[in-house]
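Residues in the sequence shown are numbered consecutively from -16, following the numbering used here. Just below is one structure, and these are the notes that go with it.
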Amino acid sequence: MAFLFIGELAAETGFNTQQQTGNLESQVINIFAENCALAGCHAGTPPMMNLKLTEDEFLQRTVNQPSIENPKMLRIKPGEPDSSYLIQKIMGAEGIIGQKMPFGRDPLSSAQIATIIEWIKQMKAADVANLEAPSPDPVLPFNAWKVVNIPTARMVDRGNYLFLISHRFFPKLDTGYDTFFGLDGSGIIFLNLGYAFTNNLFVNLGRSNAADNVQLDVKYGLKQQYPGNKFPVAAAVQTSINWQSEKRPGLDRMRSEAFKYSFQAILSSQLHENVGLTVSPGILLNQDSETDGEDALITIGVGGRAHVWKSISLIGEWVPIISGYTPTATFGEINRFDTWGGGIELSVGAHAFQIIVTNSAGLTTDQYMRGGGLDLGEGDFRLGFNIFRPLQF
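Following this line, the structure appears as structure tokens:
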């Protein structure tokens, strides 16, 4: 029934078959760019289903390219709209895998669908026989921009924003039903919004309610990992400035001890199709807001991700302190142990949601580097979550 509708649709919209294919092509590219080539969907790194529908790669990713969802069909088969899987997806034809396109947005109009159908009808195989192969997408060892707390080498696509909310429930899980296993208690929140000025330069501003900690990050991507790389690693660096802006009796908010400075090098690698590893050595200056002139804190964060099923992965990290430990407190809790965290990650497109357990109440860079307050040996840990959402305006 869907394909009987194709001919009727073109006729009803009164298509002029003399229209130039080039003009139709630009219209079609514009239709998909406006409706599908959005952050977290069919744009950026990686695009959903490896289908990038941006103007610069539309033809290479669609024409004569097999669908990942249905490899027996081409996304666009020249001259044959009824054999093109992309037409089935935008029409919501019976038998498609997944959701109708555009996902989560208003469906394309009859006129827009007719334009796409007519363009495919007029397309001749000889005209697209010499299309360049699509450029490879970078390998992503991690779906999110953090493992739990430590940063990964993943960058945000140029011109996009990244919104992050991190939350930790302060009561321990073993407090039982009286606090609903910690979920009824107070929480530590970290709100962030960042912008990618280029594909390699990302600036982020965030604030945590623990000591009213304001954090400014600058992250720079040095290298991405691609299939077949001689050195299969992605690399980035990140520097952070933290300001404990909490008002303290008799103390100036702008005192030098309230500012902390950190630097982290980030090396991430996809060791296997389903396994990623990251190492992030870091240094923190002025770790204790109560002391002046203490030693620098040095840590080496290690994190991993293992894909287990569909969009679900297991994640974990450990941030051992190598030198410079000074007893400090976060949210009134003494940091006595190296920070660790782990959990389950769900990723959809470029968006990621993590449910985690951890021993640390700290969320900002200077807080989690200083350690956590709960002893895993005694079975103590707390629940939390992270939400990563790329945005495009």
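Glycine is no exception: its CB is placed at the ideal position from the N, C-alpha and C atoms.
Query, Result
"Backbone secondary structure at Ala289 - three-state DSSP", "strand"
"Three CB pairs or more closer than 8 angstroms across the region 171 to 188 and the region 104 to 114", "no"
"Reduced DSSP category for Pro134 - H, G, I as helix; E, B as strand; rest coil", "strand"
"Identity of the residue in Ser251, Ala94, Pro134 nearest Phe371 by Cα", "Pro134"
"Run of the alpha helix (DSSP H) containing Leu69, from where it starts to where it stops", "68 to 74"
"Backbone secondary structure at Glu229 - three-state DSSP", "coil"
"Under the three-state DSSP convention, the category Gln105 falls into", "helix"
"Local Cβ density within 10 Å of Gln253, reported as buried at 16 or more and exposed below that", "buried"
"Where Glu(-5) falls, given that 16 or more other Cβ within 10 Å makes a residue buried", "For Glu(-5), the predicted structure reports a pLDDT of 49, less than 50, and the residue's modelled location is therefore unreliable. A value from the coordinates is still provided. It counts as exposed."
"CA-to-CA distance, Leu280 to Gln270, given in whole angstroms", "7 angstroms"
"Distance between beta carbons of Glu277 and Thr309, contact taken as under 8 angstroms", "5 angstroms"
"Of the listed residues Ile338, Asp349, Asn196, Ala289, nearest to Ile304 (C-alpha basis)", "Asp349"
"For Ile79 and Phe41, believed in contact at Cβ under 8 angstroms, the rounded distance", "That pair is no contact at about 20 angstroms."
"For Ile79, the three-state DSSP class (helix, strand or coil)", "coil"
"DSSP three-state assignment for Gly423, whether helix, strand or coil", "Since the first residue shown for the chain is -16 and the last is 376, residue 423 is missing from the structure and cannot be characterised."
"Own chain partners of Ala194 with C-beta closer than 6 angstroms, once the 5 adjacent residues on each side are dropped", "Gln227, Glu229"
"Those runs of the beta strand (DSSP E) which lie wholly inside the region 134 to 182 and span at least 3 residues", "144 to 152, 170 to 179"
"Coil, strand or helix - Asp363 by DSSP", "coil"
"Expected contact under 8 angstroms - CB spacing of Ile100 and Ile70 to nearest Å", "7 angstroms"
"Nonlocal neighbours in the same chain, by C-beta distance under 6 angstroms from Gln95, ignoring five residues either side", "Ile14"
"Phe386 (DSSP reduced to helix, strand or coil)", "The chain is shown only over -16 to 376; residue 386 falls outside these bounds and no answer can be derived."
"Straight-line Cα distance separating Ala241 from Asp235", "9 angstroms"
"Secondary structure of Thr261, DSSP reduced to three states", "strand"
"Whole-angstrom distance between Cys24 and Gln375, CA atom to CA atom", "11 angstroms"
"Status (buried if at least 16 other CB within 10 Å, exposed otherwise) for Leu91", "buried"
"Contact under 7 angstroms by Cβ, Ile298 with Glu273", "no"
"Per DSSP, the bridge partner or partners of Gln350", "DSSP, once it has assigned bridges, lists no residue as partnering Gln350."
"Option in Pro64, Pro85, Pro61, Met74 with minimal Cα separation from Ala16", "Pro85"
"Supposed close pair Pro356, Glu316 - CB separation, criterion 8 angstroms", "According to the sequence displayed, residue 356 carries Gly and not Pro. Confirmed, about 4 angstroms."
"Nonlocal neighbours in the same chain, by C-beta distance under 6 angstroms from Ala248, ignoring five residues either side", "Val220, Pro264"
"Those residues which DSSP pairs with Arg372 across a bridge", "Phe146"
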